[in-house]
Every structure is written in C-alpha cells, then in structure tokens.
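Asks:
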Amino acid sequence: MHLTKEEERILEGGQGYASMKSMQILTALGDIFGADKLIPVKSVQVSGVSYHNLGDAGLDYLANLAKDGSVKTPTFLNPAGMDLKDWKELGISEDFAEKQKKVIGAFSKMGINTTCTCTPYLIGIKPGLGEHVAWAESSAVTYCNSVIGARTNREGGPSALASGLIGKTPNYGLHLDEERKPDLFVSVDSKLKTLSDWGALGYAIGKRGKNKIALIEGVSKPPEDYLKTFSASIVTYGSKPIYHIAGVTPEAGRFEKPSERITIGEAELKEAYEAMNDKDDTIDFVSLGCPHASLEEIKRVSELLKGRSVKTELWVACARPVKEKAEQLGYNDIIREAGGKVAADTCMVVAPVKGRFKSVATTSAKGCYYSQGHNNMKTHIGPIDKCVEAAINGKWS
Amino acid sequence: MRRSRYKRKMELNGRIIYKGKAKAEALVTKDQISFYGGVDPEKGTITEKGHELEGKSFKGKILVFPSGKGSTVGSYGLYRLKKNGAAPLGMINEECEAIVAVGAIISEIPMADKIDISKIKTGDIVEIDGGVVRCE
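Heads up: the sequence lines are chains U and F, in that order.
Residues in the first sequence are numbered consecutively from 348, following this note's numbering.
Residues in the second sequence are numbered consecutively from 3, following this note's numbering.
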C-alpha cells in the first residue's frame, strides 16, 4: 500500500504512540487486503465498548491509547454494557459500573462522542450516498452500506478506533465499486407484514446466502424500522454486511441480476420462526430495541402498555438522544409505570445478562442469535404487540 | 518415539504482520483458531470443542495455524493473553485475516504469514525473524 510522507512519519512514531499504533494497524490491514492507499473517512463508529467484552485487558489497551491519542474525524461508540446514567435500575453491579465508566472515560479522553448506539442514522449521523466511513457494529454497517449507500467495511473494535485516531481507512473491500456487486438473486414469494417477518427473512437469506451479496426482489418498500431489523438479521445469520433490494435501496439498479437464484417463501419463513421460537412458552425477559429503538417504536410500546403492568423484566433499548426525546413526550413514564425500563446506551447483546434470565421474547432475529449462543437463553420472536403481551402475561401466546 | 535428527535446516519466506524476533517450540494445527470464545485467556490453552488442539497450551510457543476466525473481539482476546503472560511467543499463519493481524499488532507478538505451514511440525524449534521463518 502506498503511504504519503506524512503517513510514513506517523508510522515511524513522529506523532506519538497512539497514532503510531493506529497506523501500524491500518497499514497491516491495507497490505493484507491489497489496498492501494488510505482514504479519509467522514465518521467512525467504534465497537468493543462493553466492559463485558473488553475485560481489564481491553480497558488497559484503551487507557494506553488515551495517553496521547485524539480522534481526527467525528467518532462515536457502539452500545456499552449498561445505561450510563440509570444502570442501577437494570440490575448492574457497582463493580461492573465502575469499570464501564473507566472504559467510557478513556474514549472520552480521546475526543470521542460517547453516545453509544448501533443506530447512528436515527440520531443524525447519516453519511451521504457513496461517502466513506469506518463503522464497526454489524447491523449499522449493513444499514449504512445497503439502505444509505455509504461505504464501510465491517471494522473490528481496534481497527475502527485506529481509523478514528488517523481519520482514514485502507481502500479495499466494500469501499470499492466492484466489491459491492450482488452474486445471489433472491426472489421473495411471501407477503411480509410485521417487523419480525423481516427478521425472519434476514435469517432465511443469511442462512442460505452465507458469504454472498443478495439482490432481493418481490418486496414492497417497508418502513425504515423494518430495514433496520432486516439489516441486523441478514448479517448475523449470513456474513456479508451489504444487500440490495430492487426498488428500495439506492444501488440496487446499478447491477445486473446474478445468475445464482433462490426463492424464499412461506415455508422458509416458517422454518426461520421455528428456529427462533422455543417450545417452552414461559418468558422472564422481554427485550425490544435490537437494533436500538426509534422514537416511533417507543411510542408504540407505550401505547400498548398504557394502564397495564408487566410480569417480566422489560427493556426497551435505544440511543440516549432518543430516550431524552421520549422522556419529553411522556412515553418513558408510561413504560415505567407499567414496570418496564427504557435503557439508553446499552442492549440485550452486550449487557451482562448471562445467567440472569432463562427465556427472552424479542422482535429481533439478531437478539435471538446472541441470546441462544452467547447468553444461553431460550428465545421467542414476534412483532412488538406480541412481545408486549408476553411481558404482561409472562407467557408466549 | 525418536525424532528424526536428519531434518535439514529450512528457511521459509513470508510476509511480516508484526515485526520482531521470536524463537521457540512450534505448536501446529490445521484448524482455524478463535481468540474470543475458543481459548482460555488465563491459561493459554485451546478450549474449542473438537478442535485439533483442544486442551493444548500455546503459552510461550510459536503457534502455527492456517488463519483466525470468529468474533472481532478476538483481537482483544490476544491482548488479554499477552497481559496474562499466556500468549504465544510468536505466530505463523498461512493467510492472516483482520482479527489475528490486529491482535498481533496491539499485543506486539511477532508474526508472519504466507508461509506453507505444512512444512512445520509440532515440536520443531522455529524462529520468526520479520517475515522469515527458520526451522531446525
């Protein structure tokens, strides 16, 4: 990979330790993936924020970089392990909270905006078509590439942070036109109605498409929230953080139909629902907002909960600016009065919930994946109203 | 069983992932490794069920494997091993991917890739010197 004189100077340590380490990471990745050069990025999203995943070693690494590192482009964070303000009401321990605050402190020292979210596009961080960014959380990366049409690889925590500290990323993978081309044509033969139907579709395509980029036909334009959950699902069960939907996503018209074809119909969606719905119908945790809930979704939950009360633990996870807006509009009070919690900055995937709950109900196919594997829980997936009913009854119906 | 004494010294040329020198006994596998969920970060052992090296320790050895896999948190997994004094002394890959590359860089573990790892056997004394690998 070609480096400018300035970049070489940074690599040799001319701008201090954090910049040198970051440049080492970016040049190694550039060489591995055959990038020709580094390109500037408009924004950066860093993952590896939850202390649950970082541990003391990760915290130590961040504290080291924070000694002389500062970001060169707007940089923000993926969800942390807790609501940074109201962590006590989520049942987080003092020890965990103290460590998590140190992690956030290190990021903050580097000039990073400590808004922790997987849906930056809901709080005004929305790059333009064709713009280059370096984001890390898989659903955000997928939404960014597919729905927005901006360009990012799926970064790891340290590589995204390196991009923030340098302001650039190596030019390879999804930054290049030819790498965004679909190689699997997916015909959808089913009327998708609910949010969770889109989660199930992501499961069905991801499982079959694996390392392929899908061009999808046969669906009408859904609400943005549905594309948010679909983005999370398809990349969790497949692996490519990009898809195209004819008539919906901005780059779909650029490409010819791939010759390899599959059809997803009722049977495939049913199979997806069955894989994510356990036979045992007892529920002790209901988690909404994976990816982070929009204001519309919080409003809907508050309408469903008005004057009722929940039997299970109920979290509605969202970005802090969305929680504040919902607070002003009175939605959070209604949810709290029913016994539910509106959790900012965190989510069911990265919070330390392992061992606390046996069986979760959620709208999210991605949430099901991490609950089953990482957190050892039984799962149920369905639309918002069904999940809220499960919270009220403690049962999946 | 007696190890062959006739094996001649061998030099393999690859690509530097992280600079530096390291010399130790090799631990070789044909299976990919996940450093988040697939290893014990305190002991430096492989824990993945059914892995060719399940239960084996790579602490202080030259770990030779085709490539990494799994969650990107694996980069921090390598860093954690290094902090705990349980990391490999050096690493050799056939084809390095992003998780292990970044892990080697942040943990400062000498590493090379683009090496024909079938030429290296567990128990060989191996030296990594930049992008060059010497076996004896």
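For every residue, glycine included, the Cβ atom is placed at its ideal position computed from N, Cα and C.
Tell me which residues share the same chain as residue 526/U and place their Cβ nearer than 7 Å to its Cβ, disregarding the 5 neighbours each side in the sequence.
Replies: What you label residue 526/U is simply residue 179 of the first sequence in a count that begins at 1. Hits under 7 Å: 520.
Asks: Quick check on the DSSP output: the beta strand (DSSP E) that includes residue 392/U runs from which residue to which?
Replies: Counting from one through the first sequence, the residue named residue 392/U turns up at place 45. Unbroken beta strand (DSSP E) run through residue 392/U: 391-393.
Asks: Would you identify the three-state DSSP class for residue 17/F, choosing helix, strand or coil?
Replies: Indexing the second sequence from 1 puts residue 17/F at position 15. Reduced to three states, the DSSP call for residue 17/F is strand.
Asks: For residue 3/F, which residues in the same chain have their Cβ closer than 8 Å to its Cβ, ignoring the five residues on either side in sequence?
Replies: Reading the second sequence from its first residue, position 1 is the one you call residue 3/F. Bear in mind that a pLDDT of 49 at residue 3/F, under 50, signals an unreliable position, so the number given afterwards is only what the model happens to contain. Hits under 8 Å: none found.
Asks: Report the three-state DSSP secondary structure of residue 659/U (helix, strand or coil).
Replies: Taking the first sequence and counting its residues from 1, one reaches residue 659/U at position 312. In the structure shown, residue 659/U sits in coil (DSSP, three-state: anything other than H, G, I, E or B).
Asks: Starting from residue 339/U and walking both ways along the beta strand (DSSP E), at which residues does that stretch end?
Replies: One cannot answer for residue 339/U here, as it falls past the ends of chain U, which runs 348 to 744.
Asks: Contact between the segment 14-26 of chain F and the segment 110-117 of chain F: three or more CB pairs below 8 Å?
Replies: These segments touch.
Asks: If you compare alpha carbons, which of 432/U, 398/U, 358/U, 480/U is closest to residue 454/U?
Replies: Counted from its first residue, the first sequence places residue 454/U at position 107. Of the listed residues, the one whose Cα sits closest to residue 454/U is 398/U.
Asks: Provide the residue(s) that pair with residue 110/F in DSSP beta bridges, ordered along the chain.
Replies: Locating residue 110/F in the second sequence gives position 108, counting from the first residue. Answer is none; residue 110/F lacks a bridge partner.
Asks: Counting contacts by CB-CB distance shorter than 8 Å, is residue 102/F in contact with chain U?
Replies: What you label residue 102/F is simply residue 100 of the second sequence in a count that begins at 1. Judged by the 8 Å Cβ criterion, residue 102/F is not in contact with chain U.
Asks: With a threshold of 16 other CB atoms inside 10 Å of the CB of residue 476/U, please say whether the residue is buried or exposed.
Replies: Start at 1 with the first residue of the first sequence, and residue 476/U comes out as number 129. With fewer than 16 Cβ atoms within 10 Å of its Cβ, residue 476/U is classed as exposed.
Asks: Quickly, what does DSSP pair residue 635/U with across the bridge? List them, please.
Replies: On the first sequence, position 288 is the one that residue 635/U refers to. Answer is 663/U.
Asks: In angstroms, rounded to a whole number, what distance separates the CA positions of residue 385/U and residue 351/U?
Replies: Position 38 of the first sequence, counted from the start, is the residue given in the question as residue 385/U. Position 4 of the first sequence, counted from the start, is the residue given in the question as residue 351/U. Each residue's Cα considered, the two are about 9 Å apart.
Asks: Classify residue 351/U as helix, strand or coil using the three-state DSSP reduction.
Replies: Residue numbering aside, residue 351/U sits at position 4 when the first sequence is read from its first letter. Looking at residue 351/U - three-state DSSP - the assignment turns out to be coil, as it is neither helix nor strand.
Asks: Measuring CA to CA, which of 377/U, 736/U, 709/U is closest to residue 729/U?
Replies: Against the first sequence, residue 729/U aligns to sequence position 382. Among 377/U, 736/U, 709/U, the Cα nearest to that of residue 729/U is on 709/U.
Asks: Please check the pair residue 460/U and residue 505/U, which I expect to be a contact at CB under 8 Å, by giving their CB distance rounded to whole angstroms.
Replies: To locate residue 460/U, count along the first sequence from 1; it is residue 113. To locate residue 505/U, count along the first sequence from 1; it is residue 158. About 18 Å separates the two Cβ atoms, so there is no contact after all.
Asks: Between the segment 582-599 of chain U and chain F, which residues of the former have a C-beta closer than 8 Å to a C-beta of the latter?
Replies: The residues in question: there are none.
Asks: Please decide whether residue 98/F counts as near chain U, where near means a Cβ-Cβ distance under 8 Å.
Replies: In the second sequence, counting from the first residue as 1, residue 98/F sits at position 96. Closer than 8 Å: yes.
Asks: Starting from the Cα of residue 707/U, find the closest Cα among 539/U, 662/U, 537/U and give me that residue.
Replies: Against the first sequence, residue 707/U aligns to sequence position 360. With distances taken between Cα atoms, residue 707/U lies closest to 662/U.
Asks: Along the chain, where does the beta strand (DSSP E) containing residue 92/F start, and where does it finish?
Replies: Numbered from its first residue, the second sequence carries residue 92/F at position 90. Run containing residue 92/F: 92-95, per the beta strand (DSSP E) assignment.
Asks: Is it the case that the Cβ atoms of residue 698/U and residue 638/U are separated by a distance below 8 Å?
Replies: The residue labelled residue 698/U in the question sits at position 351 within the first sequence. The residue labelled residue 638/U in the question sits at position 291 within the first sequence. Not a contact, by the Cβ cut-off of 8 Å.
Asks: Contact defined as beta carbons within less than 8 Å: I believe residue 409/U pairs with residue 446/U. What is the distance between those atoms, to the nearest angstrom?
Replies: By one-based count along the first sequence, residue 409/U stands at place 62. By one-based count along the first sequence, residue 446/U stands at place 99. Actually they do not touch by this definition, with Cβ atoms about 11 Å apart.
Asks: For residue 688/U, report the span of its alpha helix (DSSP H) as first-last.
Replies: Mapped onto the first sequence, residue 688/U falls at position 341. First-last for residue 688/U: 688-691, but that is the beta strand (DSSP E), not the alpha helix (DSSP H).
Asks: Using 10 angstroms around the beta-carbon of residue 392/U, count the other beta-carbons present and answer buried if the total reaches 16, otherwise exposed.
Replies: Position 45 of the first sequence, counted from the start, is the residue given in the question as residue 392/U. Answer is buried; the Cβ neighbour count reaches 16.
Asks: Can residue 451/U and residue 437/U be called in contact, C-beta distance under 8 Å?
Replies: Walking along the first sequence from the start, residue 451/U turns up at place 104. Walking along the first sequence from the start, residue 437/U turns up at place 90. The answer is no: Cβ separation not under 8 Å.
Asks: Around the Cβ of residue 403/U, are there at least 16 other Cβ atoms within 10 angstroms (buried) or fewer (exposed)?
Replies: Taking the first residue of the first sequence as position 1, residue 403/U is located at position 56. With fewer than 16 Cβ atoms within 10 Å of its Cβ, residue 403/U is classed as exposed.
Asks: I need the straight-line Cα distance from residue 84/F to residue 47/F, nearest angstrom please.
Replies: Start at 1 with the first residue of the second sequence, and residue 84/F comes out as number 82. Start at 1 with the first residue of the second sequence, and residue 47/F comes out as number 45. If you take the alpha carbons of residue 84/F and residue 47/F, they lie about 13 Å apart.
Asks: Are any of the Cβ atoms in chain U nearer than 8 Å to that of residue 69/F?
Replies: By 1-based counting over the second sequence, the position of residue 69/F is 67. Cβ-Cβ to chain U under 8 Å: no for residue 69/F.
Asks: Who are the neighbours of residue 371/U on chain F, taking C-beta pairs under 7 Å?
Replies: One-based indexing of the first sequence puts residue 371/U at position 24. Going along chain F in sequence order, the residues near residue 371/U (Cβ under 7 Å) are 107.
Asks: In three-state DSSP terms, what is residue 727/U?
Replies: Against the first sequence, residue 727/U aligns to sequence position 380. In this structure, residue 727/U counts as strand in the three-state DSSP scheme.
Asks: Closest to residue 433/U by C-alpha separation, out of 388/U, 396/U, 444/U, 618/U, would be which residue?
Replies: Taking the first sequence and counting its residues from 1, the one referred to as residue 433/U is at position 86. Out of 388/U, 396/U, 444/U, 618/U, 444/U has the C-alpha closest to the C-alpha of residue 433/U.
Asks: Spatial neighbours of residue 133/F within its chain, please: CB distance less than 6 Å, with the 5 preceding and 5 following residues excluded, ordered by chain position.
Replies: As a position in the second sequence, residue 133/F is number 131, starting the count at 1. Only 16, 17, 18, 114 meet the Cβ criterion.
Asks: Where do the ends of the alpha helix (DSSP H) carrying residue 410/U lie?
Replies: Stepping through the first sequence from its first residue, residue 410/U is reached at position 63. 398-413 is the span of the alpha helix (DSSP H), which, as asked, contains residue 410/U.
Asks: Residues in its own chain within less than 6 Å of residue 71/F by CB, not counting five upstream and five downstream?
Replies: In the second sequence, counting from the first residue as 1, residue 71/F sits at position 69. Closer than 6 Å at the Cβ level, and outside the excluded window around residue 71/F, lie 34, 36.
Asks: Using a Cβ-Cβ cutoff of less than 6 Å, which residues in the same chain neighbour residue 619/U once the five nearest sequence positions on both sides are dropped?
Replies: Residue numbering aside, residue 619/U sits at position 272 when the first sequence is read from its first letter. These residues qualify, in order along the chain: 547, 550, 551.
Asks: Thinking just about the alpha-carbon of each residue, which of 647/U, 667/U, 632/U is nearest to the one in residue 657/U?
Replies: What you label residue 657/U is simply residue 310 of the first sequence in a count that begins at 1. The candidate whose alpha carbon is nearest that of residue 657/U is 632/U.
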